[in-house]
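Quick note, the sequences are listed as chains Z and B, same order.
The C-terminal position of the first sequence is numbered 206 in my numbering, with every residue numbered one higher than the one before it.
The C-terminal position of the second sequence is numbered 342 in my numbering, with every residue numbered one higher than the one before it.
Note that the Cβ used here is the ideal one computed from N, Cα and C, for glycine as well.
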Amino acid sequence: MRFEEIPISTRERAREGQADALESLCLLVQPDAYAVLLSLLRNHEDASDALQESMVRMIRFLPHLRDLNAFPGWLMRLLVNQAAVTYKHRSRPVVDITSLDPSAAQNAVAPTASAPLSPRRAAENHEMAAIINEAISHLPERQKAAIVLFEMEQLSIRKVAEIMELTDGAVKFHLHEARKNVRLALQEAGIANAALFEGTQT
Amino acid sequence: MSPGRGITCTHVLDLLDDYRRGKLLPGQQQAIADHLQRCPECQAELELREAMARQMVAALPAGELQTRLSPSVHAAITGATRGERERTQRKTSTLLPMMLTAAALIITVVAVFQVRNPLTLTKEATIAASAEKPVASEQRDSNLFIREDNMEAKKMDQPLAQTSIVRSEQAGALKDSISSDKKEVAAAEAPAVLPLAMPPPATAAPAEKEGIQGYGQPAVMSRRMSAASAGEPRGAALGMQDSAQMPAPEAPVAMDAASEAVFSVDAAPPAQAPVQNAQQQRTLAGAVAEQQKAAPEHRVRFHAKTATTATLSTSTLATTAPAQETTGTAVAPEGASY
Numbered sequence: 005m006r007f008e009e010i011p012i013s014t015r016e017r018a019r020e021g022q023a024d025a026l027e028s029l030c031l032l033v034q035p036d037a038y039a040v041l042l043s044l045l046r047n048h049e050d051a052s053d054a055l056q057e058s059m060v061r062m063i064r065f066l067p068h069l070r071d072l073n074a075f076p077g078w079l080m081r082l083l084v085n086q087a088a089v090t091y092k093h094r095s096r097p098v099v100d101i102t103s104l105d106p107s108a109a110q111n112a113v114a115p116t117a118s119a120p121l122s123p124r125r126a127a128e129n130h131e132m133a134a135i136i137n138e139a140i141s142h143l144p145e146r147q148k149a150a151i152v153l154f155e156m157e158q159l160s161i162r163k164v165a166e167i168m169e170l171t172d173g174a175v176k177f178h179l180h181e182a183r184k185n186v187r188l189a190l191q192e193a194g195i196a197n198a199a200l201f202e203g204t205q206t
Numbered sequence: 005m006s007p008g009r010g011i012t013c014t015h016v017l018d019l020l021d022d023y024r025r026g027k028l029l030p031g032q033q034q035a036i037a038d039h040l041q042r043c044p045e046c047q048a049e050l051e052l053r054e055a056m057a058r059q060m061v062a063a064l065p066a067g068e069l070q071t072r073l074s075p076s077v078h079a080a081i082t083g084a085t086r087g088e089r090e091r092t093q094r095k096t097s098t099l100l101p102m103m104l105t106a107a108a109l110i111i112t113v114v115a116v117f118q119v120r121n122p123l124t125l126t127k128e129a130t131i132a133a134s135a136e137k138p139v140a141s142e143q144r145d146s147n148l149f150i151r152e153d154n155m156e157a158k159k160m161d162q163p164l165a166q167t168s169i170v171r172s173e174q175a176g177a178l179k180d181s182i183s184s185d186k187k188e189v190a191a192a193e194a195p196a197v198l199p200l201a202m203p204p205p206a207t208a209a210p211a212e213k214e215g216i217q218g219y220g221q222p223a224v225m226s227r228r229m230s231a232a233s234a235g236e237p238r239g240a241a242l243g244m245q246d247s248a249q250m251p252a253p254e255a256p257v258a259m260d261a262a263s264e265a266v267f268s269v270d271a272a273p274p275a276q277a278p279v280q281n282a283q284q285q286r287t288l289a290g291a292v293a294e295q296q297k298a299a300p301e302h303r304v305r306f307h308a309k310t311a312t313t314a315t316l317s318t319s320t321l322a323t324t325a326p327a328q329e330t331t332g333t334a335v336a337p338e339g340a341s342y
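Laid out in structure tokens, this is it:
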């Protein structure tokens with residue numbers, strides 16, 4: 005369930021400190037919160053740790069949230085900040101190649117493909133995914149948040165700007181810089197734009 | 005690099021993300037689509053962005069569906085619930101004492117306000133003053149006594165101020181002056197001129213020109229004579245020397261306009277200020293008898309609230325009797341000079 009779809013009554017009762025409402029709220033927001041954290045951190049363990057800490061912080065600071073309509077943006081900002089904190093203190097490798105699911109990547113890369121990918125093409129996609137994850141995880145925090153929130157969470161520039169507390173122009177700048185860095189990482193790895201197109205068009 | 009008419013590649017690249025999501029107006033969508041058909045570079049950029057977005061999603065590591073709450077989250081919920089309950093109990097438990105404290109504070113403030121109410125004090129002062137009036141004559145033996153307005157002075161166009169204070173020490177000094185032969189001679193010879201030991205200020209020139217005639221309005225003065233002899237001319241007690249300087253009884257001090265001045269003069273009051281009555285004289289004589297040794301110091305104190313100009317004779321003051329300090333309040337016309 006998206007954050008915007010959480011009922012106001014649940015938010016209000018959770019803000020008042022009712023245990024059942026807090027539990028329901030956590031269960032409702034956890035899947036999407038985990039997805040956001042996973043997109044930012046690119047690591048299951050880090051995302052899980054960040055999710056727990058984010059839920060604890062949400063429970064602690066929710067009583068101080070005056071406008072419950074601002075809850076989605078407030079929670080997204082909390083997740084982005086928590087991801088930055090977790091990334092600073094991470095000790096694990098940036099990308100766990102073994103955690104990648106080739107079948108999922110194959111389906112994601114070619115969701116409309118009629119014919120299954122060849123083993124060679126699947127391996128290339130697997131390698132390309134690892135490079136992309138590596139590049140994204142090494143992006144500066146603002147570039148990472150901008151490209152994840154815009155491209156993966158499908159948020160508008162205005163919404164991303166509100167979450168990151170920046171101007172629209174600043175968000176566009178960070179988004180452009182993030183794309184440029186990811187593209188540069190792929191080129192350095194020997195993966196040209198053609199591979200991207202092949203991966204998506206095959 | 006603008007194959008399309010009316011739209012450039014910069015505009016297209018700026019709106020490319022919104023075009024991908026279909027957030028533009030139909031006309032804009034169509035314009036960008038037309039541009040992309042004619043511009044291979046912008047078309048390549050569009051395809052690159054879409055491919056990268058798909059790869060980012062595809063590159064996501066495998067995750068686990070989070071359907072259960074971790075123990076730390078459960079602990080946080082329990083703590084938040086307990087904290088909210090405690091806050092509610094604390095509010096309830098502290099409400100009553102706070103209300104009682106507020107009520108007590110309000111009562112205290114109201115009580116203090118009533119006690120210190122200026123109106124109440126005025127009433128009390130009025131009552132006290134009215135009660136003290138009959139006793140005033142009995143208190144003349146003391147060192148300090150208070151008198152109200154001098155009605156006689158008012159009759160002489162010199163209404164006195166409300167209150168004047170005369171020390172019995174001054175009465176003793178005045179007695180010395182009265183007993184002085186030099187005084188008697190001066191009283192017999194010289195008419196009264198108000199002897200104020202105050203050097204005329206520079207602004208006193210106009211008043212001096214006008215002289216006594218310039219004194220258009222009667223000065224409202226309050227003076228308290230500590231001693232005076234009934235049959236003795238006022239000028240004698242003041243040690244007047246020059247009859248030409250003696251003002252008319254109605255206007256002993258030259259003053260220009262209404263102003264208020266508070267002064268203290270170590271000399272007798274002006275000649276026109278009458279001796280109050282025989283009883284006062286007797287009281288002063290008694291005070292003189294008690295204090296034979298008065299301070300010979302000759303002092304003049306002057307306090308003017310506003311700029312005043314008055315013509316006062318200071319030469320006679322040097323010849324007057326020892327310390328005669330008269331303290332009074334004068335309400336003179338504005339512009340009067342001393």
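Query raised in the report: Would a C-beta distance cut-off of 7 angstroms place ALA48/B and ILE63/Z closer than the cut-off?
Result: Residue 48/B sits at position 44 when you count from the first residue of the second sequence. Residue 63/Z sits at position 59 when you count from the first residue of the first sequence. No. Outside cutoff.
Query raised in the report: From ALA108/B to ALA88/Z, what does the alpha carbon distance come to, in whole angstroms?
Result: One-based indexing of the second sequence puts residue 108/B at position 104. One-based indexing of the first sequence puts residue 88/Z at position 84. ALA108/B and ALA88/Z have their C-alpha atoms roughly 54 angstroms apart.
Report task. State buried or exposed for PHE81/B, treating a residue as buried only when at least 16 other CB atoms are found within 10 Å of its CB. Result -> Locating residue 81/B in the second sequence gives position 77, counting from the first residue. In the sequence on display, residue 81/B carries Ile and not Phe. Buried, since its Cβ has 16 or more Cβ neighbours within 10 Å.
Query raised in the report: At a Cβ threshold of 7 angstroms, is TYR38/Z touching chain C?
Result: The chain inventory of the structure shown lacks chain C, comprising the protein chains Z and B.
Requested in this report: Would you tell me roughly how many angstroms separate the C-alpha atoms of TYR91/Z and ILE161/Z, rounded to the nearest one?
Outcome: Looking up residue 91/Z in the first sequence gives position 87. Looking up residue 161/Z in the first sequence gives position 157. Spanning the two alpha carbons is a distance of roughly 24 angstroms.
Requested in this report: Measure the Cβ-Cβ separation of ILE12/Z and LEU72/Z and say whether it is below 7 angstroms.
Outcome: Reading the first sequence from its first residue, position 8 is the one you call residue 12/Z. Reading the first sequence from its first residue, position 68 is the one you call residue 72/Z. Against a cut-off of 7 angstroms, the Cβ pair of LEU72/Z and ILE12/Z comes out as a contact.
Query raised in the report: Taking C-alpha atoms, which residue in HIS68/Z, VAL60/Z and LEU55/Z lies nearest to GLU68/B?
Result: As a position in the second sequence, residue 68/B is number 64, starting the count at 1. GLU68/B has its Cα closest to that of LEU55/Z, out of HIS68/Z, VAL60/Z and LEU55/Z.
Query raised in the report: From what residue to what residue does the alpha helix (DSSP H) around THR90/Z run?
Result: The count along the first sequence starts at 1 and reaches residue 90/Z at position 86. Its alpha helix (DSSP H) spans residues 75-92.
Query raised in the report: Leaving out five residues before and five after LEU17/B in sequence, what residues of the same chain have Cβ atoms less than 7 angstroms from its Cβ?
Result: Walking along the second sequence from the start, residue 17/B turns up at place 13. Hits under 7 angstroms: CYS46 and GLU49.
Query - Extent of the continuous alpha helix (DSSP H) run through PRO30/B - result: Indexing the second sequence from 1 puts residue 30/B at position 26. Here the alpha helix (DSSP H) through PRO30/B covers 30-42.
Requested in this report: Give the secondary structure of GLU192/Z by DSSP, where H, G and I count as helix, E and B as strand, and everything else as coil.
Outcome: Within the first sequence, the letter at position 188 stands for residue 192/Z. It is helical.
Query raised in the report: Do ALA174/Z and LEU143/Z have their C-beta atoms closer together than 7 angstroms?
Result: The residue labelled residue 174/Z in the question sits at position 170 within the first sequence. The residue labelled residue 143/Z in the question sits at position 139 within the first sequence. No, they are not a contact pair.
Query - Any chain Z beta carbon closer than 7 angstroms to ILE111/B - result: Position 107 of the second sequence, counted from the first residue, corresponds to residue 111/B. Not an interface residue.
Report task. To the nearest angstrom, report how far apart ALA150/Z and LEU42/Z are at their CA atoms. Result -> Locating residue 150/Z in the first sequence gives position 146, where the first residue counts as 1. Locating residue 42/Z in the first sequence gives position 38, where the first residue counts as 1. Approximately 15 angstroms, taken between the alpha carbons.
Requested in this report: Compare the C-beta of GLU131/Z with all C-beta atoms of chain B and state if any pair is closer than 7 angstroms.
Outcome: Residue numbering aside, residue 131/Z sits at position 127 when the first sequence is read from its first letter. Taking Cβ atoms only, chain B never reaches closer than 7 angstroms to GLU131/Z, which makes this a no.
Query raised in the report: Are the stretch 130-138 of chain Z and the stretch 11-26 of chain Z touching, with three or more C-beta to C-beta distances below 8 angstroms?
Result: no
Query - Interface partners of SER141/Z on chain B, CB under 7 angstroms - result: As a working mapping, residue 141/Z is identified with position 137 in the first sequence. By Cβ distance, chain B contributes nothing, its closest Cβ being about 10 angstroms from SER141/Z, past 7 angstroms.
Query raised in the report: Which residues of chain B have a Cβ atom closer than 8 angstroms to the Cβ of HIS48/Z, listed in chain order?
Result: The count along the first sequence starts at 1 and reaches residue 48/Z at position 44. PRO65, ALA66, GLY67 and GLU68, listed in chain order.
Query raised in the report: By the 10 Å Cβ neighbour count, where 16 or more other Cβ atoms means buried, how is LEU37/Z classified, buried or exposed?
Result: On the first sequence, residue 37/Z is found 33 positions in, with the first residue counted as 1. It is worth fixing the name first, because residue 37/Z is Ala in this sequence and not Leu. Buried, by the Cβ-count rule.
Query raised in the report: If you draw a straight line from the alpha carbon of SER28/Z to that of GLU57/Z, how long is it in whole angstroms?
Result: Mapped onto the first sequence, residue 28/Z falls at position 24. Mapped onto the first sequence, residue 57/Z falls at position 53. Going by the C-alpha atoms only, they are around 17 angstroms apart.
Requested in this report: List the whole-angstrom C-beta distance separating ALA51/Z from LEU45/Z, where the pair is believed to meet the contact cut-off of C-beta under 8 angstroms.
Outcome: As a first step, residue 51/Z must be located in the first sequence, where it is residue number 47. As a first step, residue 45/Z must be located in the first sequence, where it is residue number 41. Sure, about 5 angstroms apart at Cβ, within 8 angstroms.
Query raised in the report: Could you give the residue range of the alpha helix (DSSP H) that holds ILE12/Z?
Result: For this step, residue 12/Z is matched to residue 8 along the first sequence. It spans 12-19 - the alpha helix (DSSP H) in which ILE12/Z sits, taken as one unbroken run.
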